[in-house]
Amino acid sequence: MSQVLDTPPPTQAPADDLAALAARHGLTVSGARPTLPEYVRQLWARRHFITAFATAKLTAQYSEAKLGQIWQVMTPLLNAAVYYFIFGVLMGTKKGVPDYIPFLVTGVFVWTFTQSSIQVGTRAISGNLGLVRALHFPRAALPISFCIQQLQQLLFSMAALVVILFSLGVPISFSWLLVIPTLILQFLFNAGMAMIMARMGAKTPDIAQLMPFVLRTWMYVSGVMWSIGKLTKKDHLPHIVTVLLETNPAAVYIDLMRYALIASFHAKQLPPHVWALAAGWALVAGVGGFIYFWKAEEKYGRG
0 MSQVLDTPPP
10 TQAPADDLAA
20 LAARHGLTVS
30 GARPTLPEYV
40 RQLWARRHFI
50 TAFATAKLTA
60 QYSEAKLGQI
70 WQVMTPLLNA
80 AVYYFIFGVL
90 MGTKKGVPDY
100 IPFLVTGVFV
110 WTFTQSSIQV
120 GTRAISGNLG
130 LVRALHFPRA
140 ALPISFCIQQ
150 LQQLLFSMAA
160 LVVILFSLGV
170 PISFSWLLVI
180 PTLILQFLFN
190 AGMAMIMARM
200 GAKTPDIAQL
210 MPFVLRTWMY
220 VSGVMWSIGK
230 LTKKDHLPHI
240 VTVLLETNPA
250 AVYIDLMRYA
260 LIASFHAKQL
270 PPHVWALAAG
280 WALVAGVGGF
290 IYFWKAEEKY
300 GRG
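The sequence shown begins at 0 in numbering that gives the first Met the number 0 and counts up one residue at a time.
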């Protein structure tokens, strides 16, 4: 009996030995974050799912409405009509702005692309917890797919914008080709911002309730319905305010799109080094947002 009582309890294997044993047999921690290059490879392998998911979400967006997909064009057009009446007619912002209707409609469409991308990105994880918890896939696929959905929405709107430009006598020109690099840079910026907000929204869902107020304020300082170039020529603005208005990323992409499509919008109305600004914002937000989102990959859907 004494020998039984004196026998020491069996000791557990050290954690290092267990880790070595798991590594020897190719076992990894469930839900562990992959390396950044591996994460990129996983996303690329699921590129068809990302685009198909975006298309399905866009198709289902107005499936219950009688007019269906027509609302993809009607919604931004109605917003532009409201802004034209309030700002163009009542407040007189159209004075001194040639081709004000194309100027306004272009601003509304391009801004809506950024606004909607950030809004849906904020809920990309918190609003899809069932999918996140049920399936194993790179979580960045969700905010990226939502941004692709908004890009598809913008392309429908751009078709309507072309009709408006032709009806108002705006001539087609080679500068229209600049729409392609502008959209690429804006998409990278939007996707990066969507991933930043997706991580923040996953941790603090209440941020989604705050975003409409933030985005509305951002819209009013982005020159959507008025000319930033016209305002900054006045001497009463402090230099720092002028710089902030001209380097505002939303305003930069709006101005580039206006320059590409509207003949009366000249290069002198663009802020200095506009293409460098557009590429810089796309790089900072796109790459920075992607890395910021990846660093919390193993935390999404937990708790």
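Using N, Cα and C, we set each Cβ at its ideal position, and we do this for glycine too.
Measure the alpha-carbon distance for residue i versus residue j and round it to whole angstroms.
i      : j      : result
GLY95  : ALA140 : 44 Å
ALA123 : LEU76  : 26 Å
VAL283 : PRO248 : 11 Å
ALA53  : SER174 : 29 Å
VAL251 : ALA295 : 30 Å
VAL223 : PRO33  : 41 Å
ALA265 : LEU160 : Correcting the residue type first, residue 265 is His in the shown sequence and not Ala. Cα-Cα distance, rounded: 19 Å.
SER221 : LYS202 : 29 Å
GLU245 : ALA133 : 45 Å
ARG198 : PHE292 : 6 Å
GLU37  : GLY87  : 51 Å
When the distance is taken between beta carbons, is residue j closer than 9 Å to residue i?
i      : j      : result
SER115 : GLN71  : no
THR121 : MET196 : yes
ARG138 : TYR299 : yes
GLN268 : SER226 : yes
THR105 : ILE261 : yes
ILE49  : SER144 : yes
ASP98  : LEU167 : yes
LEU57  : GLN151 : yes
MET256 : ILE117 : no
GLY288 : MET192 : yes
TYR82  : VAL107 : yes
GLY285 : LEU187 : yes
THR111 : SER156 : yes
ALA259 : LEU154 : no
Closest Cβ-Cβ distance between residue i and chain B: below 9 Å?
i      : result
GLY287 : Considering every chain present, this structure includes no chain B. It has just one protein chain.
Contact check, residue i vs residue j under 8 Å by CB: the rounded distance?
i      : j      : result
PRO101 : LEU164 : 6 Å
Applying the 10 Å Cβ sphere with the 16-neighbour rule, what's the burial state of residue i?
i      : result
MET90  : exposed
ALA277 : buried
SER172 : exposed
THR216 : exposed
ALA190 : buried
ARG301 : exposed
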